[in-house]
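Q:
2 protein chains.
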Amino acid sequence: MAGRQPRVGIVDVARRAGVSVGTVSKALNGRGQLRPETRDRVRAAAQELGFVPSAVAASLHSGRTYTVGLIMTDHHGRFSLPILHGAEDALGWDETLAFVCDTRDDPIREQHYVRSLARRRVDGIIVAGRRTEPRPPLAGAVTVPVVYAFARSADPADCSVVVDEEGGAALAVQHLLRTGRRRVAHVTGPHGHASVRARVNGTSRALREAGLELAGEPWYGGWSEVWGRFAAAALVREHPDVDAIFCGSDAIGRGVADGLRDSGRRVPEDIALVGVDNWLPTAEGCRPALTSVDLDLQQVGRRAGALLLAAIQRGGTEPGTHTVPCRLVVRASSAPAAG
Amino acid sequence: MAGRQPRVGIVDVARRAGVSVGTVSKALNGRGQLRPETRDRVRAAAQELGFVPSAVAASLHSGRTYTVGLIMTDHHGRFSLPILHGAEDALGWDETLAFVCDTRDDPIREQHYVRSLARRRVDGIIVAGRRTEPRPPLAGAVTVPVVYAFARSADPADCSVVVDEEGGAALAVQHLLRTGRRRVAHVTGPHGHASVRARVNGTSRALREAGLELAGEPWYGGWSEVWGRFAAAALVREHPDVDAIFCGSDAIGRGVADGLRDSGRRVPEDIALVGVDNWLPTAEGCRPALTSVDLDLQQVGRRAGALLLAAIQRGGTEPGTHTVPCRLVVRASSAPAAG
DNA sequence: TCCCTTGAGGAAAAGGTTTTCCGTCGCTAG
DNA sequence: CTAGCGACGGAAAACCTTTTCCTCAAGGGA
Chain A
136 MAGRQPRVGI VDVARRAGVS VGTVSKALNG RGQLRPETRD RVRAAAQELG FVPSAVAASL
196 HSGRTYTVGL IMTDHHGRFS LPILHGAEDA LGWDETLAFV CDTRDDPIRE QHYVRSLARR
256 RVDGIIVAGR RTEPRPPLAG AVTVPVVYAF ARSADPADCS VVVDEEGGAA LAVQHLLRTG
316 RRRVAHVTGP HGHASVRARV NGTSRALREA GLELAGEPWY GGWSEVWGRF AAAALVREHP
376 DVDAIFCGSD AIGRGVADGL RDSGRRVPED IALVGVDNWL PTAEGCRPAL TSVDLDLQQV
436 GRRAGALLLA AIQRGGTEPG THTVPCRLVV RASSAPAAG
Chain B
136 MAGRQPRVGI VDVARRAGVS VGTVSKALNG RGQLRPETRD RVRAAAQELG FVPSAVAASL
196 HSGRTYTVGL IMTDHHGRFS LPILHGAEDA LGWDETLAFV CDTRDDPIRE QHYVRSLARR
256 RVDGIIVAGR RTEPRPPLAG AVTVPVVYAF ARSADPADCS VVVDEEGGAA LAVQHLLRTG
316 RRRVAHVTGP HGHASVRARV NGTSRALREA GLELAGEPWY GGWSEVWGRF AAAALVREHP
376 DVDAIFCGSD AIGRGVADGL RDSGRRVPED IALVGVDNWL PTAEGCRPAL TSVDLDLQQV
436 GRRAGALLLA AIQRGGTEPG THTVPCRLVV RASSAPAAG
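These protein sequence lines are chains A and B, in that order. Residue numbers for the first sequence follow the working numbering, so the first one is 136 and each next one is one higher. Residue numbers for the second sequence follow the working numbering, so the first one is 136 and each next one is one higher.
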């Protein structure tokens with residue numbers, strides 16, 4: 136199909152409508168002073184000819200492309216796609232389109248993409264990180280506004296939007312306490328991870344505020360179900376009186392749920408569970424369905440998009456790290472204790 | 136940052152290097168006849184000035200934007216992201232950038248995106264479907280080549296790349312037979328789904344070729360773990376002698392695995408399991424890890440990208456449906472029966 | 001009656017490259 | 001000595017809109 140017909144341009148429309156090209160532009164964009172009848176005639180001509188104005192030419196003139204780059208580092212898109220959706224919402228999805236660039240964790244590739252985006256004159260760039268470790272800022276002289284989302288830039292002079300992970304952890308723990316739990320343990324990811332640290336802090340803080348403390352040390356491990364299963368078995372052996380476990384991820388949570396069942400503990404009757412990520416396939420596949428802290432990445436994306444838009448319009452981002460709160464999604468795994 | 140300095144253009148480079156703009160263009164693009172010394176001088180000037188050529192202006196001239204649209208309909212990106220990766224590989228990720236458009240399953244939105252892409256003069260469009268149901272072709276007069284990936288277009292005159300689902304099912308069954316299984320059952324998704332049908336067909340064919348037949352009817356249900364668990368329990372009751380189950384998805388497979396364990400059957404000792412999708416979080420989280428048919432979507436994307444590229448260069452796609460084979464990824468759930 | 005104002009639409013510049021077509025210079029060969 | 005050629009690089013058109021003046025005509029007020 137589409138046998139390379141020579142594109143119909145604004146001049147063709149002008150000829151057909153019997154007006155000048157300037158008039159066509161005005162008619163189609165609702166600018167200038169035109170008789171309604173002329174406007175209609177032009178619109179009709181454009182319609183009949185199937186005229187599609189070239190955003191390329193328009194960009195050349197206006198200097199704006201209504202285009203942004205989204206640099207993502209998680210190839211599965213679990214974090215970056217919600218961010219993209221939020222950003223689209225904020226930027227006006229019918230106005231601004233996004234180039235999605237998956238760096239595949241290769242700095243060289245990332246550099247390439249940044250250059251590519253610069254050449255294409257994107258209006259701005261959103262960098263969507265993976266886990267919330269601060270990341271090195273984009274290399275090279277970037278001449279457009281950049282907003283880092285989810286993973287903040289290591290340079291505090293950059294503009295970043297992050298999740299309030301500590302607050303999210305507190306939310307989880309407070310919920311567990313409200314359901315009557317008192318002996319809360321914490322099974323989480325690798326020691327040293329920024330988000331692991333934040334969650335430990337939030338957990339401790341919430342417990343302290345309630346006059347309690349963590350049951351044992353946090354259990355550091357991986358992000359996997361296997362680790363969750365293993366940790367659950369060990370945990371009930373070491374702390375048989377635990378009645379709630381806050382898990383650093385849904386995968387861990389699901390592993391813990393299985394591990395507890397294997398150890399003869401019932402969830403939530405004996406032990407309540409809360410995870411993090413609210414990742415539906417895992418949280419809802421869990422037995423029982425897993426209460427989870429939703430990082431609200433879409434909101435992160437919206438915020439990032441709004442900041443980027445402001446930066447584009449004003450020219451230049453204002454530095455600073457913006458924090459978005461988490462939400463708790465309650466499911467069966469944290470139903471109040473029977474007793 | 137980026138205090139809206141007036142962009143350095145090719146004329147600035149020309150002035151600095153003491154040559155004309157045409158010469159700068161030639162020097163930077165390695166075209167024309169230039170003294171090496173001139174070339175170097177220009178390159179140096181460009182470097183010093185931090186000149187970044189505008190792809191917008193270049194596109195305006197050449198008519199190509201080195202840009203494609205990727206229309207996706209699965210917001211989680213489980214299918215479309217691998218396709219995007221493959222497409223990038225084929226299109227040259229350092230040449231061509233992709234606008235990613237998530238329709239959120241809204242035809243209006245899709246239309247909007249198509250128009251948006253047309254205005255931006257993308258060189259082509261890839262439509263990445265969800266499950267492999269044929270989908271209605273893009274609405275409106277699309278003037279650039281379109282390739283449908285994963286879900287074929289309902290219009291056979293379009294160009295589509297799909298997975299050989301039937302072959303994939305056969306692969307799974309043949310593998311089960313090779314490990315010594317003889318009584319194979321099939322638990323799958325909703326009756327009527329194109330991919331469900333294809334997998335049933337592939338299953339029957341492979342069994343027939345081995346002189347066997349399916350143990351009972353296929354178990355139609357949903358794509359969820361819950362369905363898998365339920366089906367497993369019912370299945371062992373109704374067909375106690377089954378020694379292998381081919382599951383229509385990894386989620387189902389995982390549910391089946393759990394259901395079997397609950398029913399006191401061991402996987403793989405008593406019953407071997409194979410799933411479809413090779414979706415790591417599910418397949419590897421499964422106990423035991425689930426052997427799975429990998430749809431090789433990246434390959435689908437590569438193929439689609441290659442076809443699109445050819446169409447762009449020649450102007451117009453050649454119609455037809457292209458099929459990409461699946462791969463089997465063997466894990467613990469299908470180890471040979473002990474006996 | 002004449003000037004001014006307002007409404008409608010045209011002409012042309014601008015935006016940043018690429019590319020084609022020429023011109024010039026320095027040589028070489030006849 | 002001159003025609004001709006090769007090497008190098010400049011001038012300008014082309015790509016497609018948008019936007020800023022401008023012009024022209026008609027109508028209104030003094």
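Glycine is no exception: its CB is placed at the ideal position from the N, C-alpha and C atoms. Note that the structure is a prediction, hence the values are computed from the model and not measured.
Between the alpha carbons of residue 454/A and residue 275/A, how many angstroms are there, rounded?
A: The residue given as residue 454/A occupies position 319 in the first sequence. The residue given as residue 275/A occupies position 140 in the first sequence. The straight-line gap from Cα to Cα measures roughly 18 Å.
Q: I'd like to know if residue 195/B contacts chain A, where contact means its C-beta is closer than 9 Å to some C-beta of that chain.
A: What you label residue 195/B is simply residue 60 of the second sequence in a count that begins at 1. Chain A contact via Cβ: present.
Q: What's the C-alpha gap between residue 396/B and residue 286/A?
A: Counted from its first residue, the second sequence places residue 396/B at position 261. Counted from its first residue, the first sequence places residue 286/A at position 151. Those two C-alpha atoms are separated by around 40 Å.
Q: Is the CB of residue 160/B under 9 Å away from at least one CB in chain A?
A: Start at 1 with the first residue of the second sequence, and residue 160/B comes out as number 25. No, residue 160/B lies away from the interface with chain A (no Cβ there is under 9 Å from its Cβ).
Q: Mapping DSSP to helix, strand and coil, what is residue 283/B?
A: As a position in the second sequence, residue 283/B is number 148, starting the count at 1. Residue state, collapsed to three classes: strand.
Q: The stretch 254-273 of chain A: which residues have C-beta closer than 9 Å to a C-beta of chain B, in chain order?
A: Listed by position along the chain: 254, 255, 256.
Q: Using DSSP with H/G/I as helix, E/B as strand and the rest coil, what is residue 218/B?
A: Residue numbering aside, residue 218/B sits at position 83 when the second sequence is read from its first letter. Reduced to three states, the DSSP call for residue 218/B is helix.
Q: Does DSSP put residue 310/A in a helix, a strand or coil?
A: As a first step, residue 310/A must be located in the first sequence, where it is residue number 175. Helix at residue 310/A.
Q: From 200/B, 192/B, 389/B, 219/B, pick the residue whose C-alpha is nearest to that of residue 440/B; which is it?
A: Position 305 of the second sequence, counted from the start, is the residue given in the question as residue 440/B. With distances taken between Cα atoms, residue 440/B lies closest to 219/B.
Q: Run the CB neighbour count on residue 168/B, radius 10 Å, all protein chains shown included, and call it buried at 16 or more, exposed below.
A: Within the second sequence, the letter at position 33 stands for residue 168/B. Under this definition residue 168/B is an exposed residue.
Q: So with Cβ pairs under 9 Å, would you call residue 185/B a contact of chain A?
A: Taking the second sequence and counting its residues from 1, the one referred to as residue 185/B is at position 50. Yes, because at least one Cβ of chain A sits closer than 9 Å to the Cβ of residue 185/B.
Q: Using only CA atoms, which one of 189/A, 417/A, 412/A, 367/A lies nearest to residue 255/B?
A: As a first step, residue 255/B must be located in the second sequence, where it is residue number 120. Residue 255/B has its Cα closest to that of 189/A, out of 189/A, 417/A, 412/A, 367/A.
Q: I'd like the list of long-range same chain contacts for residue 161/A, defined as Cβ closer than 7 Å, with 5 residues on each side in sequence excluded.
A: Locating residue 161/A in the first sequence gives position 26, where the first residue counts as 1. If we look at residue 161/A and ignore the five residues flanking it on each side, its Cβ neighbours are 167, 169.
Q: Determine the extent of the alpha helix (DSSP H) in which residue 158/B is found, giving its start and end residues.
A: Within the second sequence, the letter at position 23 stands for residue 158/B. Note, residue 158/B: alpha helix (DSSP H), 156-164.
Q: Determine whether the Cβ of residue 426/B lies closer than 9 Å to any Cβ atom of chain A.
A: On the second sequence, position 291 is the one that residue 426/B refers to. No, because no Cβ of chain A sits closer than 9 Å to the Cβ of residue 426/B.
Q: Below 8 Å on C-beta distance, what does residue 229/B contact in chain A?
A: Numbered from its first residue, the second sequence carries residue 229/B at position 94. The answer, in chain order, is 247, 251.
Q: What is the DSSP secondary structure of residue 104/A, reduced to helix, strand or coil?
A: A query on residue 104/A cannot be resolved here, the shown segment of chain A reaching from 136 to 474 and no further.
Q: Indicate whether the contact test is met: 3 or more Cβ pairs, each with one atom in the stretch 447-465 of chain A and one in the stretch 385-396 of chain A, closer than 8 Å.
A: no
Q: Look at residue 320/A and residue 346/A and say whether their C-beta atoms are less than 9 Å apart.
A: Numbered from its first residue, the first sequence carries residue 320/A at position 185. Numbered from its first residue, the first sequence carries residue 346/A at position 211. In this structure, residue 346/A does not lie closer than 9 Å to residue 320/A by Cβ.
Q: Compare the Cα-Cα distances from residue 235/B to each of 210/B, 315/B, 242/B and report the closest residue.
A: Here residue 235/B corresponds to residue number 100 of the second sequence, with the count starting at 1. Of the candidates 210/B, 315/B, 242/B, the one whose C-alpha sits nearest the C-alpha of residue 235/B is 210/B.
Q: With a threshold of 16 other CB atoms inside 10 Å of the CB of residue 242/A, please say whether the residue is buried or exposed.
A: The residue you call residue 242/A lines up with position 107 of the first sequence. With fewer than 16 other Cβ atoms inside 10 Å of its own Cβ, residue 242/A counts as exposed.
Q: Please decide whether residue 456/B counts as near chain A, where near means a Cβ-Cβ distance under 9 Å.
A: The count along the second sequence starts at 1 and reaches residue 456/B at position 321. Taking Cβ atoms only, chain A never reaches closer than 9 Å to residue 456/B, which makes this a no.
Q: Please state if the CB of residue 379/B and the CB of residue 425/B are separated by a distance shorter than 9 Å.
A: For the purposes of this step, residue 425/B is identified with residue 290 of the second sequence, where counting begins at 1. For the purposes of this step, residue 379/B is identified with residue 244 of the second sequence, where counting begins at 1. Against a cut-off of 9 Å, the Cβ pair of residue 379/B and residue 425/B comes out as no contact.
Q: When you compare the CB of residue 422/A with every CB in chain B, is at least one pair closer than 9 Å?
A: For the purposes of this step, residue 422/A is taken as residue 287 along the first sequence, with counting starting at 1. For residue 422/A, the answer is yes, since a Cβ of chain B falls inside 9 Å of its Cβ.
Q: At a CB-CB cut-off below 7 Å, which residues of chain A make contact with residue 234/B?
A: Position 99 of the second sequence, counted from the start, is the residue given in the question as residue 234/B. Chain A residues near residue 234/B: 232, 233, 234.
Q: Do you know how far the Cα of residue 230/B is from the Cα of residue 444/B?
A: Counting from 1 along the second sequence, the entry for residue 444/B is found at position 309. Counting from 1 along the second sequence, the entry for residue 230/B is found at position 95. Computed Cα separation, rounded: 12 Å.
Q: Pick out the complete alpha helix (DSSP H) segments inside the stretch 352-383 of chain A, 4 residues or longer, and give them in chain order.
A: Those alpha helix (DSSP H) runs which fall completely within the stretch 352-383 of chain A and span 4+ residues are 360-373.
Q: Can you give me the C-alpha to C-alpha distance between residue 138/A and residue 153/B, rounded to a whole angstrom?
A: Here residue 138/A corresponds to residue number 3 of the first sequence, with the count starting at 1. Here residue 153/B corresponds to residue number 18 of the second sequence, with the count starting at 1. Low confidence applies to residue 138/A: its pLDDT is 42, below 50, so where it sits in the model is not reliable enough to give any reading.
Q: Return no unless some Cβ of chain A is closer than 9 Å to the Cβ of residue 213/B.
A: On the second sequence, residue 213/B is found 78 positions in, with the first residue counted as 1. Yes, residue 213/B counts as interfacial toward chain A.
Q: Can you say whether residue 271/A is buried or exposed, counting buried as having 16 or more other CB atoms within 10 angstroms of its CB?
A: The count along the first sequence starts at 1 and reaches residue 271/A at position 136. Burial call: exposed.
Q: Going by beta carbon distance, what residues of the same chain come within less than 6 Å of residue 307/A, once the five residues before and after it are set aside?
A: Counting from 1 along the first sequence, the entry for residue 307/A is found at position 172. Correct list, in chain order: 381, 409, 428.
Q: Please confirm whether residue 219/A has its beta-carbon closer than 9 Å to some beta-carbon of chain B.
A: For the purposes of this step, residue 219/A is identified with residue 84 of the first sequence, where counting begins at 1. Yes, its Cβ sits closer than 9 Å to a Cβ of chain B.
Q: Starting from residue 344/B, find everything on chain A with Cβ-Cβ shorter than 8 Å and list it in chain order.
A: Working through the second sequence from its first residue, we reach residue 344/B at position 209. Correct list: empty, because the minimum Cβ distance to chain A is about 34 Å.
Q: Using only the alpha-carbon positions, how far apart do residue 136/B and residue 208/A sit?
A: Taking the first residue of the second sequence as position 1, residue 136/B is located at position 1. Taking the first residue of the first sequence as position 1, residue 208/A is located at position 73. With a pLDDT of only 42 at residue 136/B, under 50, the local geometry of the prediction cannot be trusted, and the value read off the model is given with reservation. Straight-line Cα distance between these residues: approximately 24 Å.
Q: When DSSP labels each residue in this structure, what does residue 459/A get in the three-state scheme?
A: By one-based count along the first sequence, residue 459/A stands at place 324. Of the three classes helix, strand and coil, the one that applies to residue 459/A here is strand, per DSSP.
Q: Taking the Cβ atom as the reference point for each residue, do residue 512/B and residue 151/A lie within a distance shorter than 9 Å?
A: Outside the displayed range of chain B (136 to 474) lies residue 512/B, so it cannot be described from this structure.
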